[in-house]
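Asker:
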Amino acid sequence: MAKFIVGLTGGIGSGKTTVANLFAELGITLVDADIVAREVVAKGSEGLTRIIEHFGADVCQTDGSLNRIALREIIFNQPHQRDWLNNLLHPMIRNTMLKQVQQADSAYVIMVVPLLFENGLDKLVNTTLVVDVDPKLQISRTSERDKVASTQVEQIILSQMPREQRLSKADDIIDNQGQLNALRSKVASLHHKYLELAKTPN
Numbered sequence: 266m267a268k269f270i271v272g273l274t275g276g277i278g279s280g281k282t283t284v285a286n287l288f289a290e291l292g293i294t295l296v297d298a299d300i301v302a303r304e305v306v307a308k309g310s311e312g313l314t315r316i317i318e319h320f321g322a323d324v325c326q327t328d329g330s331l332n333r334i335a336l337r338e339i340i341f342n343q344p345h346q347r348d349w350l351n352n353l354l355h356p357m358i359r360n361t362m363l364k365q366v367q368q369a370d371s372a373y374v375i376m377v378v379p380l381l382f383e384n385g386l387d388k389l390v391n392t393t394l395v396v397d398v399d400p401k402l403q404i405s406r407t408s409e410r411d412k413v414a415s416t417q418v419e420q421i422i423l424s425q426m427p428r429e430q431r432l433s434k435a436d437d438i439i440d441n442q443g444q445l446n447a448l449r450s451k452v453a454s455l456h457h458k459y460l461e462l463a464k465t466p467n
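For the sequence shown, the positions run 266 to 467 when my numbering is used.
1) So, residue 306 versus residue 317, is the Cβ gap smaller than 8 angstroms?
2) Contact check, residue 436 vs residue 397 under 8 angstroms by CB: the rounded distance?
3) Inspect the CB distances between the stretch 284-295 and the stretch 438-456 and report whether three or more fall short of 8 angstroms.
4) Let's test the definition: count the other Cβ atoms within 10 Å of the Cβ of residue 403 and tell me whether it reaches 16, buried, or not, exposed.
5) Given this structure, state the Cα-to-Cα distance separating residue 366 from residue 406, to the nearest angstrom.
6) In terms of residues, what are the limits of the beta strand (DSSP E) holding residue 386?
7) Which residues in the same chain have their Cβ closer than 8 angstroms to the Cβ of residue 354, if we skip the five residues on either side of it in sequence?
8) With residue 411 as the anchor, note down where its alpha helix (DSSP H) starts and where it stops.
9) DSSP three-state label for residue 395, please.
10) Output the distance between the C-alpha atoms of residue 349 and residue 384, rounded to the nearest integer angstrom.
11) Answer with buried or exposed for residue 267, where buried requires no fewer than 16 other C-beta atoms within 10 angstroms of its C-beta.
12) Once the 5 residues before and after residue 279 are set aside, which same chain residues still bring their CB inside 7 angstroms of it?
13) Taking only beta-carbon positions, decide if residue 450 is within less than 8 angstroms of chain C.
14) With DSSP collapsed to three states, give me the class of residue 278.
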């Protein structure tokens with residue numbers, strides 16, 4: 266049976282993880298792109314083997330795991346190498362996520378993807394949910410959480426899809442500027458909506 270998939274996204278520091286965890290508390294399976302992205306390059310994985318074959322042993326730590334800093338430096342300065350890496354990893358991430366969706370036993374599945382629209386993964390989902398906050402709050406939350414300068418966070422925001430464009434693509438929007446209790450009730454209301462949608466054949 267085809268699974269009903271909700272694509273959850275939002276800019277950096279918007280609170281995607283908090284919202285996803287609230288759905289998980291209601292018994293909904295999460296398939297998280299960031300976690301899958303780490304799994305496909307884990308020690309001993311096919312992804313890591315191919316990366317080492319292509320870039321050489323410098324991208325490998327002494328314990329056999331991926332040296333992310335070394336890899337980031339290579340692809341940061343060489344767009345064609347970044348394209349090679351994306352062409353290798355994106356299909357792996359996508360296939361692993363779809364496999365996890367099919368293995369899920371909840372009424373519907375939340376696919377958590379930071380770059381849902383940017384990477385065209387919204388084509389894989391039935392409906393999209395954007396977590397939204399004011400950019401000022403985005404910057405202060407992220408710089409506090411990641412202990413980085415606000416200018417660095419601003420650069421990341423600029424590299425993501427503009428807020429207005431993201432919101433215009435959303436089927437549902439959660440405004441995450443308030444308290445956790447307010448957020449919890451918004452999630453509960455959407456949960457009931459998705460349960461109903463999941464019952465209806467596509």
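We treat Cβ as the ideally placed atom computed from N, Cα and C, and that holds for glycine.
Answerer: Checking against the coordinates, here is how it stands:
1) no
2) The pair is not a contact, with the Cβ atoms about 13 angstroms apart (cut-off 8 angstroms).
3) yes
4) Residue 403 comes out buried.
5) 30 angstroms
6) No beta strand (DSSP E) contains residue 386, which DSSP labels as neither H nor E.
7) Around residue 354: 302, 305, 306, 312.
8) 400-411
9) The DSSP-derived three-state label of residue 395 is strand.
10) 15 angstroms
11) Residue 267 is exposed by the Cβ-count criterion.
12) 396, 397, 398, 403, 441
13) Among the chains in the structure shown there is no chain C, since it carries only a single protein chain.
14) coil
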